[in-house]
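> Here the protein sequences line up with chains A, B, C and D, keeping their order.
Okay, so the first sequence: first residue is 0 according to numbering that gives the first Met the number 0, each after it adds one.
Okay, so the second sequence: first residue is 0 according to numbering that gives the first Met the number 0, each after it adds one.
Okay, so the third sequence: first residue is 0 according to numbering that gives the first Met the number 0, each after it adds one.
Okay, so the fourth sequence: first residue is 0 according to numbering that gives the first Met the number 0, each after it adds one.
Yeah, the Cβ is synthetic: ideal placement off N, Cα and C, and Gly gets one too.
Okay, here's the structure, questions in a sec.
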Amino acid sequence: MEKMRRILLKFIDEAGWPRIIIGFFLFSLFAIAPFVGVRIDTSLKDVFVRVGMNGVMVLAMVPMIRSGCGLNFGLPVGVIAGLLGALICLQFEIVGMTGLFTAMIISIPFSVIFGYFYASIINRVKGAEMMIATYIGFSVVALMCIGWMLLPFTNPIMVWGFSGEGLRTTISVQGYYQDVLSDILSFRIGEHFYFPTGMFLFLGVCCVGIQLFFKSRTGLAMTAVGKNPDFARASTVNVDRMRTHSVILSTALGAIGIIMYQQSFGFIQLYMGPFYMAFPAVAAILLGGASLKNATITHVLVGTFLFQGIVTMAPSVINSMMESDMSEIIRIVVSNGMILYALTRKELYRR
Amino acid sequence: MSLKKRIFIRIVSISLLLLFCVFLAYIGKQHSLLFDNRNKMINGSKYEARYLYNVSVSGSDPELVEIGDVIRFDVVGPKHLVHVQILDEYENVLREISKPINLFFENFHTLYLPLLAEGVD
Amino acid sequence: MKKKFFHNEERTFFFTDHAVPILFLIIVAAGIPLSGYSASYLIQEMLLRLSRDSFLVLSLLVPIMAGMGLNFGIVLGSMAGQIGLIFITDWGIAGIPGLFIAAVLGTPVAVLLGYLCGKVLNKARGKEMVSSYILGFFINGLYQFVGLYMMGKIIPIIKPEILISRGYGIRNAVSLVGIRGALDKFLDLKIMGVAIPVTTYLVIVLFCIFIVWIKNTKLGQDMRAVGQNISVAELSGINVNRTRTISIIISTVLASYGQIIFLQNLGTMNTYTSHEMAGVFSIAALLVGGATVAKASLVNVFLGVALFHMLFIISPMAGKRLIGSAQLGEYFRVFVSYGVISMALVLHAVKARAQNARQRIQMRTEINAEVGEAE
Amino acid sequence: MENTVPLLCFENIEKEFFGNKVLNNVSFSVNAGEIVGLVGENGAGKSTLMNILFSNSVIGSTGGYKGRVLLNGTEVSFESPVEALDAGIGMVHQEFSLIPGFSATENIVLNRETLKYNFMVELFGDRMNKLDKSDMRKRALSAINKLGVGISPETPVSEMSVGQKQFTEIAREIENSETKLLILDEPTAVLTESEAETLINSLRNLAFHGVGIIFISHRLREVVELCDRIIVLRDGNVIRDIPSKTTNVQQIAEWMVGRQIEGMAALSDLKENRQVSLSIKNLWVDMPGEILKGLSIDVNEGEILGVGGLAGQGKLAISNGIMGIFSAEGDVKFEGKPFRLNDTKYAMEQGFAFVSEDRRGLGLLLEERVHLNIVFAALQSKGWFLKHYLGGAISQLDEDKALACAKEYIDLLNIRCTGPKQKLIELSGGNQQKVCLAKAFTCKPKVLFVSEPTRGIDIGAKRMVLDALKDYNKYNNTTIVMISSELEELRSICDRIAIVNEGKVAGILSPYAEAKEFGLLMS
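Pasting the structure below:
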């Protein structure tokens, strides 16, 4: 009895109240769903698709958290790199799987360059990274708004029809690479359930890659820098360089992440589209149990599932119960509440 | 002692502030003044709308109220002077009436012009 | 003997100290002729915007004094002010009485939100800015819930004009026709065709006096002490957390007044977006004026509002003339507002580190002197 | 003297940190108007004692203390440092607790400002009182005058010299008329000779007016000159409590460091006529609080060189400087070739390794596992413990090798843990220290720097660590430079002992030299 209690307490302590509450909430949503006329299989399909869509962007949080740069509020920097890759791929009309991977490959040099500059700022402002990252993200998005209007893209599906210049706010990737990854080995059960196997395979490859990376010399050094920069320095690790690597890695993952997102979503969103992209990703990884200093692949997967579960299930269930659309409010409260919780939580490790 | 005094002062000042607010609400309350030029039954007697009226409130531009019409003035504050010209069908001025009105916290206040013309109201 | 070891790095920090306002002056100076506006138009606009925005920006000063950085939480105050405005609109109270009552109604809400904000920020010491920023979003969620679902259902609303057609929830845009310009046009002055909202300026002056006054109270002294060194203040027996909370409450309450003044000038309220802009634009304006995360003065406020809003006025026109697209100018302005905040934050963080280095240098030279004396 | 109650009295104070006794049956008292000098080596228990008096949170969170503290004859136990201040105990800290942007006046009357009433007080509370600046200035000025120094009340602290800051802080304590007991922790460390003189005079003056003073200092000459009575602490025990007139500096130094040498292993082969391995000339290191000012020393191959000296004199900066942790400058030769400073990687590549005094900071990754900690430095600096794939394009941590290596050291050093995969934070201090050693050994160093290897660990572990060092030196012929505040420790394993004072080598002694000689070099 006593032992049970201790195990339970330990579980609560490790998982943290918010995660437990959200978990129960999600569970009860699934439990209620059939009674208010929401199909479980449809909901599950939505959740899986969204997890696959967002997974890589959440993964983009990991390197920076690990290296001690905090939550990557500057995710839009990576997103912009991804957008550039996608747009160039569309410009040259490369379609299908080739198109998708071309877009990713093109986006990587952009993310390396952007990431390098982003990192050089982040390295100068140790201790104040998060606020500055947020605003760097915003600035880059705003700057690229000008860019989208001026860059010489000509493919008619991308530019405004009437003036012939300036990119559209949303560009469909249908006929280019929509669902090319999702549909690999995908299967349907019944009429409503669909599982995007390919997307999960890709997400899995990314996760395993990152996991292996953190077992390499550089990866271990990165973790050490995040946990204790002095220790790392005393063990001959170049702290700033490791932080730079981690930022570049995060940025590249962000770029790949947004292309994955478009692949399933079907549209490229420009202009203010990427503005708040970082917040759901940040909230998801925190919901998964990550802190400002520590994040693992498990946190990514659990967090993405919980977060996307809530934002898909809550609106559909609550809407059918109360006939009003509260999805936006729930998304705002859950994601920001989670970030606040992480910010106000006492750091367990003291230096 | 001094704490009691302080609490007293605070309660008094909050009350004063609230009172002041009520006063301000009284001064700043918006009202819709409705001028009704339709037939009206009161206590079994019938007042017919027979004239046209030029109505102005507290020196505003006069506005014409035709038979069967209701017009609305939005005013602020409690005290207003209603100035009404009674016109015949050719818009010749027959008579002028000035009437002060006092409003409290109501949103709407209706003046029945036929009654006004008869001097009943 | 070993002189070169302890390098005495002397640099002038003038440019880095004033980089932001100088840069803005250059941009604005280049932009004015491009926009092609007349001087009187610019002056009129400037006066209008100074009267409209200064109060909100001023509300940022107190937490900076208490060392809590830029209070992104003033959006909480803005929300409180808007709640006040919703009620007076519903009750139909116009003019200056309406404004006053809106302020009185907004105050308890602002105090409550400010208290909450203070509590949160005390838990997130060292991460105040990002926390207040996120808190703004979080409370915005709750505000939307109150506005969209409780107003008209649980909280009685009389006027159907401000409700969404379904019967509850406040509309996206609420007309504030009853109080439009109430403060600005009360006793306004016209000089050579330029209207000056005298009363609004009087309120702003009163506020400035308040800031100066509070600096000279025990509370102000405590705030400055806490702002400069938390641990020393704590050691000397100052209740640090309480002082910080009070400073945030003051800021939040003042921001709610600021938002009321801001909206009485505009005359319409976008219920769910007006406040969001309040935070970003006020902070950008303050930083443009040369304030930093740790230091801000009244001069910074007015200079900042003037420069920042000058850019607001001229950028669409300048963009249009330059590249033929007003939208481009608009994007440029958005970029500049965010860019300037990032730049100021970066400069501050870099400077804070440089200052540490400077202190180290000073310490070294003193020790050097001591060594020299001993030998 | 009539039978008066002492102002402050410690009775049988005992304190343990994680089973490690730092104060043992400490009793002494301070009378009103008396100046008591409290001296002792670092780690002797002085700061713990003061923390107990001020009830710092450290004490409470580590299980409280035993014994009683009496103030004016009544037992006190403060809830927080602020309460201690209210009770009339003033403390002048080693690091300045001043508000940099405030003037001298504002700092002196900090949180005790003179206030002027105005009506807003009734509405919003006491803190709406305005400051009475002229009266504040007057009060500050009188406190400054009492000290007899020339500080303008308007000078902002940021523009003051270190000495002036120190005086401002003392002025703040004496301005408080409630202050009955004043504690000064190393007040003269940052003062020039003449400033120290002024301070000593003004302290005498204060004592004359009935204030009790506890004066903590490493500058023994001043202690003897100023204090009425001197209390020597060592290893948590009160060694001596005697009037200062009856003693002198040498004696005190000896009491501070000198334990009787018992059962010390005789050094069988005296390592003489060895080649110089590391030659250091004119080494300057900018390490905060431990500045080296042109130290020169030769380290012989295969010897254990001990480096001792009082805290703050720069001994710790030797290892930190050579290893590139703090910026250094000087002429260093290793095996006859010039050695590059300020480059940790280079130093490690040359075969140097380092056990830091800052165990939890530089030394270890507390929330990582034991084996990772042990192999990390070798992995990063030398690329050991890696498996390579795809022709070296991808490398991965070789978990098996790392575990094997960790197991070896767990056995060798008798590290108490559930296994190499346990998290380090769960280990005791002594075992953490052993992991630090294992980490350094894993690099297979030619020269090993060890700083304060036994600080904060229990007796048993101490012995283990020292033996391990000695054995390692014996079997691998590794040159070891061991830096420690505990002279006894140095004497038990070192071949030569250098004493560092004021950033330079004061002298090199044989471990058999008498305690008095060491004491002389240190003061």
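With T109 of chain B as the anchor, note down where its alpha helix (DSSP H) starts and where it stops.
In the second sequence, the residue the question calls residue 109 of chain B occupies position 110. Per DSSP, T109 of chain B belongs to no alpha helix (DSSP H); it is in the beta strand (DSSP E), 107-111.
> Once you ignore the five residues that flank A232 of chain C on each side, which residues in its own chain have a CB closer than 6 Å to its CB?
Residue mapping note: residue 232 of chain C aligns to position 233 of the third sequence, counting from 1. Excluding residues within five positions, the ones whose Cβ falls inside 6 Å are A224, V225, V239.
> Is there a Cβ of chain D sitting closer than 8 Å to that of I10 of chain B, yes or no?
Here residue 10 of chain B is taken as the residue at index 11 of the second sequence, counted from 1. It does not; no Cβ of chain D falls within 8 Å.
> With the cut-off set at 8 Å, would you say M255 of chain D and G39 of chain D are in Cβ contact?
Here residue 255 of chain D refers to the residue found at position 256 when the fourth sequence is read from its first residue. Here residue 39 of chain D refers to the residue found at position 40 when the fourth sequence is read from its first residue. Yes; because the gap between Cβ atoms is below 8 Å, this pair is in contact.
> Along the chain, which unbroken stretches of the beta strand (DSSP E) at least 3 residues long are found entirely within the stretch 27-77 of chain C?
Fully enclosed beta strand (DSSP E) runs of 3 or longer: not present.
> Could you tell me the distance, in whole angstroms, from the CA atom of I121 of chain A to the CA atom of E128 of chain A?
Indexing the first sequence from 1 puts residue 121 of chain A at position 122. Indexing the first sequence from 1 puts residue 128 of chain A at position 129. Those two C-alpha atoms are separated by around 6 Å.
> For E261 of chain D, which of helix, strand or coil comes out of DSSP?
As a first step, residue 261 of chain D must be located in the fourth sequence, where it is residue number 262. Interpretation of E261 of chain D is limited by its pLDDT of 41, a score under 50 that renders its predicted location unreliable; the figure taken from the coordinates is listed afterwards. Note: E261 of chain D maps to coil in three-state DSSP.
> According to a CB-to-CB cut-off of less than 8 Å, which residues of the stretch 161-190 of chain D neighbour chain E?
The displayed structure is made up of protein chains A, B, C and D, and chain E is not among them.
> My understanding is that S315 of chain A touches S42 of chain A, with C-beta atoms under 8 Å, so please give their C-beta distance in whole angstroms.
Locating residue 315 of chain A in the first sequence gives position 316, where the first residue counts as 1. Locating residue 42 of chain A in the first sequence gives position 43, where the first residue counts as 1. The Cβ separation is near 6 Å, so the contact holds.
> Do the CB positions of L112 of chain B and N38 of chain B come within less than 8 Å of each other?
The count along the second sequence starts at 1 and reaches residue 112 of chain B at position 113. The count along the second sequence starts at 1 and reaches residue 38 of chain B at position 39. No, Cβ-Cβ distance for L112 of chain B and N38 of chain B is not below 8 Å.
> What's the gap between the Cα of D466 of chain D and the Cα of L489 of chain D?
Working through the fourth sequence from its first residue, we reach residue 466 of chain D at position 467. Working through the fourth sequence from its first residue, we reach residue 489 of chain D at position 490. So the two alpha carbons sit approximately 12 Å from each other.
> Identify every residue that forms a DSSP beta bridge with R368 of chain D.
The residue given as residue 368 of chain D occupies position 369 in the fourth sequence. DSSP lists D:K422 as partners of R368 of chain D.
> Count Cβ pairs between the stretch 293-303 of chain A and the stretch 266-284 of chain A that sit closer than 8 Å; are there 3 or more?
Counting Cβ pairs under 8 Å, three or more are found: they touch.
> Considering Cα atoms alone, identify which of C:S37, C:L33, C:V19, C:T251 is closest to G192 of chain C.
Position 193 of the third sequence, counting from 1, holds the residue named residue 192 of chain C. Closest by alpha carbon: C:S37.
> Does any residue of chain B bring its CB to less than 8 Å from the CB of V103 of chain C?
The residue labelled residue 103 of chain C in the question sits at position 104 within the third sequence. So yes, V103 of chain C belongs to the interface.
> Between A:M320, A:A277, A:Q307, which lies nearest to L70 of chain A when the distance is taken from Cα to Cα?
By one-based count along the first sequence, residue 70 of chain A stands at place 71. For the residues A:M320, A:A277, A:Q307, the minimum Cα distance to L70 of chain A belongs to A:A277.
> Along the stretch 229-253 of chain C, where does the CB come closer than 8 Å to a CB of chain B? Name the residues.
Against chain B - using a Cβ distance shorter than 8 Å - the stretch 229-253 of chain C contributes no residues.
> How would you list, in chain order, the residues of chain B whose beta-carbon sits under 8 Å from the beta-carbon of L122 of chain D?
Here residue 122 of chain D is taken as the residue at index 123 of the fourth sequence, counted from 1. Those within 8 Å of L122 of chain D in chain B are I8, R9, S12.
> Look at the Cβ atom of L84 of chain C, then the Cβ atom of L175 of chain C, and state whether they are nearer than 8 Å.
Start at 1 with the first residue of the third sequence, and residue 84 of chain C comes out as number 85. Start at 1 with the first residue of the third sequence, and residue 175 of chain C comes out as number 176. Closer than 8 Å, so yes.
> Just list the residues that DSSP pairs R454 of chain D with in beta bridges.
Sequence index remark: in the fourth sequence, residue 454 of chain D carries index 455 (1-based). Paired residue(s): none; R454 of chain D is not in a bridge.
> Just to confirm, are V173 of chain C and L16 of chain B a CB contact at a threshold of 8 Å?
On the third sequence, residue 173 of chain C is found 174 positions in, with the first residue counted as 1. On the second sequence, residue 16 of chain B is found 17 positions in, with the first residue counted as 1. Result no, Cβ atoms of V173 of chain C and L16 of chain B do not sit closer than 8 Å.
> Should A403 of chain D be flagged as near chain A, meaning a C-beta pair shorter than 8 Å?
In the fourth sequence, the residue the question calls residue 403 of chain D occupies position 404. With 8 Å as the cut-off, A403 of chain D does not count as an interface residue toward chain A.
> At a CB distance below 9 Å, what residues from the stretch 294-327 of chain D approach chain A? Give them in sequence order.
Result list: M322, G323, I324.
> List, in chain order, every chain D residue whose beta-carbon is nearer than 7 Å to that of T243 of chain A.
As a position in the first sequence, residue 243 of chain A is number 244, starting the count at 1. Going along chain D, no residue has its Cβ under 7 Å from T243 of chain A, so there is no contact; the nearest lies around 17 Å.
> Let's test the definition: count the other Cβ atoms within 10 Å of the Cβ of G177 of chain D and tell me whether it reaches 16, buried, or not, exposed.
As a first step, residue 177 of chain D must be located in the fourth sequence, where it is residue number 178. A quick correction: the sequence has Glu, not Gly, at residue 177 of chain D. Flag for E177 of chain D reads exposed.
> So, does the CB of F136 of chain C fall closer than 8 Å to a CB anywhere in chain A?
By 1-based counting over the third sequence, the position of residue 136 of chain C is 137. So yes, F136 of chain C belongs to the interface.
> Please determine if the stretch 251-259 of chain A and the stretch 149-167 of chain A are in contact, where contact requires at least 3 C-beta pairs separated by less than 8 Å.
Taking 8 Å as the limit for Cβ pairs, the verdict is that the stretch 149-167 of chain A does not touch the stretch 251-259 of chain A.
> What residue range does the beta strand (DSSP E) around S483 of chain D cover?
For this step, residue 483 of chain D is matched to residue 484 along the fourth sequence. Per DSSP, S483 of chain D belongs to no beta strand (DSSP E) and is neither H nor E.
> Between the stretch 209-223 of chain C and chain D, which residues of the former have CB atoms less than 9 Å from a CB of the latter, in chain order?
Those residues of the stretch 209-223 of chain C that come within reach of chain D (Cβ to Cβ, closer than 9 Å) are W212, I213, N215, T216, K217, L218, G219, Q220, D221, R223.
> My guess is that A181 of chain C and L98 of chain C are in contact by the Cβ rule of under 8 Å, so how many angstroms apart are they, rounded?
Here residue 181 of chain C refers to the residue found at position 182 of the third sequence. Here residue 98 of chain C refers to the residue found at position 99 of the third sequence. 6 Å between Cβ atoms; contact.
> Would you check if the stretch 298-315 of chain D and the stretch 497-513 of chain D touch, i.e. whether three or more CB-CB distances between them fall below 8 Å?
Yes: the two stretches touch, three or more of their Cβ pairs being nearer than 8 Å.
> Please report how far the alpha carbon of R203 of chain D lies from the alpha carbon of G209 of chain D, in whole angstroms.
Here residue 203 of chain D corresponds to residue number 204 of the fourth sequence, with the count starting at 1. Here residue 209 of chain D corresponds to residue number 210 of the fourth sequence, with the count starting at 1. Distance between the alpha carbons of R203 of chain D and G209 of chain D is about 10 Å.
> Look at the alpha carbon of I121 of chain B and the alpha carbon of G43 of chain B, and state the distance between them as a whole number of angstroms.
Nothing in the structure corresponds to residue 121 of chain B, since chain B is present only between 0 and 120.
> Would you tell me roughly how many angstroms separate the C-alpha atoms of L286 of chain C and T272 of chain C, rounded to the nearest one?
For the purposes of this step, residue 286 of chain C is taken as residue 287 along the third sequence, with counting starting at 1. For the purposes of this step, residue 272 of chain C is taken as residue 273 along the third sequence, with counting starting at 1. Their Cα atoms are separated by approximately 22 Å.
> Checking 8 Å against the spacing of the C-beta atoms, do G81 of chain A and I257 of chain A come in under that value?
Position 82 of the first sequence, counted from the start, is the residue given in the question as residue 81 of chain A. Position 258 of the first sequence, counted from the start, is the residue given in the question as residue 257 of chain A. Yes, the pair counts as a contact, with Cβ atoms nearer than the cut-off.
> Would you say I92 of chain C and K28 of chain B are within 8 Å of each other, going by their C-beta atoms?
Position 93 of the third sequence holds residue 92 of chain C. Position 29 of the second sequence holds residue 28 of chain B. Closer than 8 Å, so yes.
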